[in-house]
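Heads up: the protein sequence lines correspond to chains D and V, in order.
Going by numbering that gives the first Met the number 0, the final residue of the first sequence carries number 178, and the count climbs one at a time with no gaps.
Going by numbering that gives the first Met the number 0, the final residue of the second sequence carries number 964, and the count climbs one at a time with no gaps.
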Amino acid sequence: MKRIGLVCLLILWVGLPAGCTHADAPENRRPLAVQMIYKSTACGKMVDTLKDKPQARWIADRTDLEVLFNRRDRRRIGARPPKWVESFNFADSGILFVRMGQKPTGGYHLEYIPGSAYISNQTAEVGLQWVAPAPDQMVTQVITQPCIMLKMPKADFSRIHIRDGHGELKTAVNRDRSD
Amino acid sequence: MNYFRLITSKNRWPVRFGPILALVLIVYMGVGCDSGGSSHHHDDDRSPALTISQPTEADTYTTGEASITIGGSASDDQGIEQVIWETDSGKSGEATGTTTWEAQIDLDPGSNRITVTAIDTAGNKSSETLSVTFSVATYTLSGTVTAASNTAIDSDVNDPNAPYESNDSAEEAQEMPTPATLGGYLNTPGTGAKGRSFAAGDKNDFFRVELLADERIVLNIAEPSLNADLDMYLYDATDLELIDTAIDRNARTESFEVPRAGVYLIQVAVYLGASNYTLTIGQVQSTEQRSDLRISRDFAPGEVIVEFTKSDQARANTARPLSCLGLTQKAGGCGRAGLFSIVPDADANFSVQSQTGGAAEPPILAGASMGAGTRKKLDTLYRIKKLRSRPDIAVAEPNDIHRAYKTPNDEHYPLQWHYSLLNLPDAWDISTGSKAVKVAVIDTGVIVNHPDLKDKITGDGYDFISDPERALDGDGIDGDPDDPGDSTQGGSSFHGTHVAGTVAAASNNKEGISGASWHTRIMAIRALGKGSVGTTYDIMQGIRYAVGLENDSGKTPDVPADILNLSMGGADFSQSEQDVLTKARDAGAIIIAAAGNSAEKAPSYPAAYDGVISVSAVGINADPAPYSNSGPSIDVAAPGGDFSTDLNADGYVDGVLSTDGDTSSGAIQYVYTFYQGTSMAAPHVSGVAALMKSVRPGLTPDGFDGFLQSFKIVKDLGASGRDDIYGYGIIDARKAVLVARDGSVPTVLNISPATLNLGTLAGKATLTATRVGSEALSVKSVSDDAEWLKVTQSETDERGLGTYTVAVNRKDLSEGIYNATITFVSSENTVNVPVNLRVSSTLLPPDAGFHYILLADSETDETVAQISVEGKEGEYEYRLTDIEAGEYRIYAGTDSDNDYSIGDPGEAIGAYLSTDQPKVLTLRSDRSGLDFVTEFKVNIPEGEDAGRAASIGRKDDKILKKRTP
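Here is the structure:
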């Protein structure tokens, strides 16, 4: 019995997680309409850190958005925020801001993987290509800060996972607060 | 005895009285004979015979001479007493001789009736008459006067006979060709000679003209004096922004330069009096200094330095006189110049205005735009102009702002800390670079329309990205190096634009940023595309093209680049790439590359190749940038920036500020951005190398290396001597330019000037070949690559050193800009001299204005005949008729001020055969083809000759027109 009990426990131990993953089974995924609205390799001081690790931020109102672009323009003279900044409708959408981290050269950038976004288990999953230059490729010797902004509906998710083209989780952000 | 019985018959009285009667008769007849009466009792009353045989036996004669000799014969048995003559006009005289007589008679014009009378000794007379007509021969003179090329005329001069079209406002601005020399006239109401504009005045002339950057405009005032003063104002024609002024007081010339290419309005305005003037654009003039009172001058607005005349010092040092002048004293003391503030004050303005004349306010366009600072500067200059008119003021000057070193006036220059770090301002005091030096930026391309770059980019750039997908411009290799951005999804970066701006952005143009070498030109080579990446092969093709080697485009630039900038890295070592770079260096190019941003000691290529200068990066304190590579391949350091600091507290990251683009809103915005990286460090060194090349065109890659490796162009930082962080040190622009100019270098051939700009007029130039250094050197060959160009030895020694003549044949060249290269090959080096010229058919035909053709007696200088001619397509055909034989000079010119003399300073003047040598014309028959040129003389003589029609050798000062009734 003990053995059977251990076996059952073993079965449960293995099976339960399997049951958990079933919650994220494809049939449980709800597609999420995502649109790329901005990308740059010079996102610089848009966030408070220049560290080279990826970061993400959920922008829920215009003030936060304007702060981002004001910080960007601290290293740029004559630039104006994109026109869509004024007209973005925060009533039903928000903006996912993802930065790649500081890179030593050009050739790095982020690209949204079309159709990769979905909601599952109150988590929005978003796929971005993490593009890097080939090791022997000639690139510009300028420090870059690639970033991307995605328009996302304010659906029922409280957390956002950002994964690369291999599915590896690169960074994540909670929707109800900034990191 | 009875005598009476002697006479009667029967008596014999006759016998008795006969002898007595005979005696009475004899006595009587003798008395009667002695009484002389002609009427009776002569034996000869015939008239003498008289003939006129000279000049003709006919009764009439015509001559063109003013006097005539008549002669003939007279005879009479009794002898001719005299021959006399008389004309119908009352002249009379006695001929010489009698039987053969002669008389010289002055004739009146027209018919002369001459009566000759011969009188014999008996008093008999005989007359003959000769009618002589004195007819003067006249002739015709004709020819064509041609206006010199590039001449133009003010369309509203004072001469009422000249065509008229108002140019008194911006809306009526007269189109002006360039280059051009224009003659004009202005007057305030009631001044100058009577004429079209005397009463109402002609206070402004406006001209619209398209100009190139740095092109100079010069106003020559014909009659500068206390009573005549003209000024100039320059506006951007697009938005009527006031760009500059030239408002000196009593200046003979006023001038300024335009800061950038564009369409401008030039306003010539009269401050006082009346005067002719000439306005020249794009012409070569000697030694004109820019006007004193220009708003482009760097001075403190609202301040003026004033020194009163000695006699007025005491009076000047009271508040009341100063307040009447609208001045309050800030500094200075008695008996010397003081610093004053200008106080805007209506009463003071009136006081100054009433004593100096001229308009109370600057006569600028009503709709002119300018910032508050510019307005204040303008008002300051105008007040200074008025103060200079006062007899109690000896000196009135702007309070100039003197900077320690030459500082560009670019708006964002204060944020470019990285230039001061290299002592570039010091270097700019020596040289700001040369248009003859070309830097190839092999990169992502350049935004060719960026306002701070578009005038600096050569027309021979190229795009070598062979993969259309990576090129993002729809095709592979093409001749368009414009950077379309490196992304199809917005947010592009424009790396090459940033690099190019650091090398040589348009500088000192009051906008944007400054470049390291102000006048160097950029050859944009595109080799990095989508994602800012590129292939070694494409880059190699770009390098080959830039230095004039064979490449996949099938083309090479007329003039190869002097310096290559490669702000890229990442590939491994490639022998083929090393080979290309070696060849590029052998071709004379100095090659600069970024050391890399991996914070590694490993070599980064292309920086680590032999023959390439590898540049590491430092931050604002000259500390090594945290990302910069280091190692044995590092040659030199330069600012690359560091975003982690804002040590100068200017509110911006301590990056390198340069030109950039922003496409986040769709259409490109031209912006300026801080970047960091060794990409930013390399173009600083390229710019310094360009400055060195500008003062020593013969600088070779070996020479640059020699200077670098001997620490002559760097500040040694870090460990003493060479180290792996800074290489030989941080580049020092001032040392670099000085040593390039003065330091000893390997013996090379030097050609001066380094570039030939033959403009629109020059047909010939001289090049001088010299040896630099102490070793032997000889010129092996000299060649050129244009049919319209010919180079020949002029005066050379056995080694070919000396002068060479460059001759240009423009005859068959159509309108446009032409480039060529003269190549000197010596035993040590090869020097290429770029040559360019412009063939300009003016948009408007030459027009020297309404002309008068005058014929003047060569002895008296009196004008004996004149006609007026309105030119057609720059030609004035003339025909003078009924001109008597004689000696004359022919003049042509305008009378813009209507003072009845032509060719005054500021007016057109021409003379047959030339104004330098007016030829005396002997007229004895009709003459045609008497052609000559009319033009505006720009170099108005000084002193006694001022006011004299330039250099025509006349006794009097003026060539006077005949006054018509």
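No residue lacks a Cβ here, since even glycine has one placed at the ideal position from N, Cα and C.
Taking all protein chains shown into account, decide if residue i is buried (16 or more other Cβ within 10 angstroms of its Cβ) or exposed.
i         : result
GLN916(V) : exposed
ALA73(V)  : buried
THR116(V) : buried
THR921(V) : exposed
LEU646(V) : exposed
VAL919(V) : exposed
GLU906(V) : buried
GLN675(V) : buried
SER615(V) : buried
LYS329(V) : exposed
GLN101(D) : buried
ARG695(V) : buried
ASP720(V) : Per the sequence presented here, residue 720(V) reads as Gly, with Asp not at that position. GLY720(V) is exposed by the Cβ-count criterion.
THR781(V) : For clarity, residue 781(V) is Val in the given sequence; the question names Thr instead. Label assigned to VAL781(V): buried.
HIS449(V) : buried
What does a CB cutoff of less than 7 angstroms around residue i pick up in its chain, not counting 5 residues either side in sequence?
i         : result
ASP238(V) : SER368
THR535(V) : ALA570, SER573 and GLU576
LEU800(V) : ALA768, THR769, ARG770 and VAL778
ALA65(V)  : ASP105, LEU106 and PHE133
PRO602(V) : GLY630 and SER632
ASP91(D)  : PRO152 and LYS153
Going along chain V in order, which residues have a C-beta closer than 7 angstroms to the C-beta of residue i?
i         : result
SER39(D)  : GLY490 and SER663
ALA78(D)  : ASP661, GLN668 and VAL670
LYS150(D) : Those within 7 angstroms of LYS150(D) in chain V number zero; the least Cβ separation is about 13 angstroms.
PRO81(D)  : SER663 and SER664
GLY100(D) : Under the 7 angstroms cutoff, chain V gives no residues; its nearest Cβ is about 13 angstroms from GLY100(D).
Here's a check: name, in chain order, each residue in its chain whose Cβ is nearer than 6 angstroms to the Cβ of residue i, leaving out the five neighbours to either side.
i         : result
VAL546(V) : PRO559, ALA583, ALA586 and ALA588
VAL97(D)  : ALA55, ILE147 and ILE161
GLU969(V) : Residue 969(V) lies beyond the range of chain V shown here (0 to 964); nothing can be said about it.
ALA268(V) : ASN203, ASP230 and PRO362
GLU872(V) : PRO844
PRO413(V) : none
PRO181(D) : No answer is possible for residue 181(D): it lies beyond the span of chain D, which begins at 0 and ends at 178.
ASP291(V) : ASP247
Find the residues of chain D that neighbour residue i, judging by a C-beta separation of less than 8 angstroms, and give them in chain order.
i         : result
MET679(V) : VAL141
ILE538(V) : MET137
THR535(V) : MET137
GLN675(V) : VAL141 and ILE142
Residues of chain V with CB under 9 angstroms from residue i, in chain order?
i        : result
LYS52(D) : Ordered by position in chain V, no residue passes the 9 angstroms Cβ test against LYS52(D), which lies about 16 angstroms from the chain.
Given residue i, which residues of its chain have a CB within under 8 angstroms of its CB, disregarding the five upstream and five downstream residues?
i         : result
GLY366(V) : ALA169 and LEU239
PRO390(V) : THR308
ARG809(V) : GLY762, TRP787, LEU836 and VAL838
GLN668(V) : GLY660, ASP661 and THR662
ALA171(D) : ALA55, ARG158, ILE159, HIS160 and ILE161
Would you mind telling me which residues of chain D sit closer than 9 angstroms to residue i, beta carbon to beta carbon, in chain order?
i         : result
THR443(V) : GLY105 and THR139
Find the residues of chain D that neighbour residue i, judging by a C-beta separation of less than 7 angstroms, and give them in chain order.
i         : result
ASP571(V) : ASP135
Since residue i meets chain V, which of its residues come closer than 8 angstroms, beta carbon to beta carbon?
i        : result
ARG73(D) : GLY650, TYR651 and VAL652
GLY93(D) : Those within 8 angstroms of GLY93(D) in chain V number zero; the least Cβ separation is about 19 angstroms.
List the residues of chain C that residue i touches, going by C-beta distances under 9 angstroms, in chain order.
i         : result
PRO132(D) : In the displayed structure, chain C is absent; the protein chains listed are D and V.
- [ ] Give, in chain order, every unbroken run of the alpha helix (DSSP H) that is at least 4 residues long and sits entirely within the region 572-658 of chain V.
- [x] 574-585
Task: Sequence ranges, beta strand (DSSP E) only - wholly within the region 98-179 of chain V, length at least 3 - done: Within the region 98-179 of chain V, the complete beta strand (DSSP E) runs of at least 3 residues are 99-105, 109-119, 124-133, 137-146 and 150-152.
Open item on the list: Short of 7 angstroms Cβ to Cβ, which residues in the region 147-172 of chain D face chain V?
Closed with: For the region 147-172 of chain D, which is checked against every Cβ of chain V, not one residue is closer than 7 angstroms.
Open item on the list: Can you pull out the residues from the region 109-130 of chain D whose beta carbon lies closer than 8 angstroms to at least one beta carbon of chain V?
Closed with: GLU110 and VAL130
Open item on the list: Extract the residue ranges of the beta strand (DSSP E) inside the region 220-300 of chain V, only unbroken runs of 3 or more that lie entirely within it.
Closed with: 228-235, 241-245, 252-256, 261-271 and 273-280
Task: Near-chain D residues of the region 624-648 of chain V - C-beta to any C-beta below 7 angstroms - done: TYR626, PHE642 and SER643
- [ ] Name, going along the chain, the residues of the region 509-530 of chain V whose beta-carbon falls closer than 7 angstroms to a beta-carbon of chain D.
- [x] LEU527 and GLY530
Open item on the list: Residues of the region 159-189 of chain V in Cβ contact with chain D at a cutoff of 9 angstroms, in chain order, please.
Closed with: If the cut-off is 9 angstroms between Cβ atoms, the region 159-189 of chain V has nothing near chain D.
Open item on the list: Against chain D, which members of the region 593-613 of chain V pass a CB distance test of less than 7 angstroms?
Closed with: Cβ contacts with chain D: ALA593, GLY595, ASN596 and SER597.
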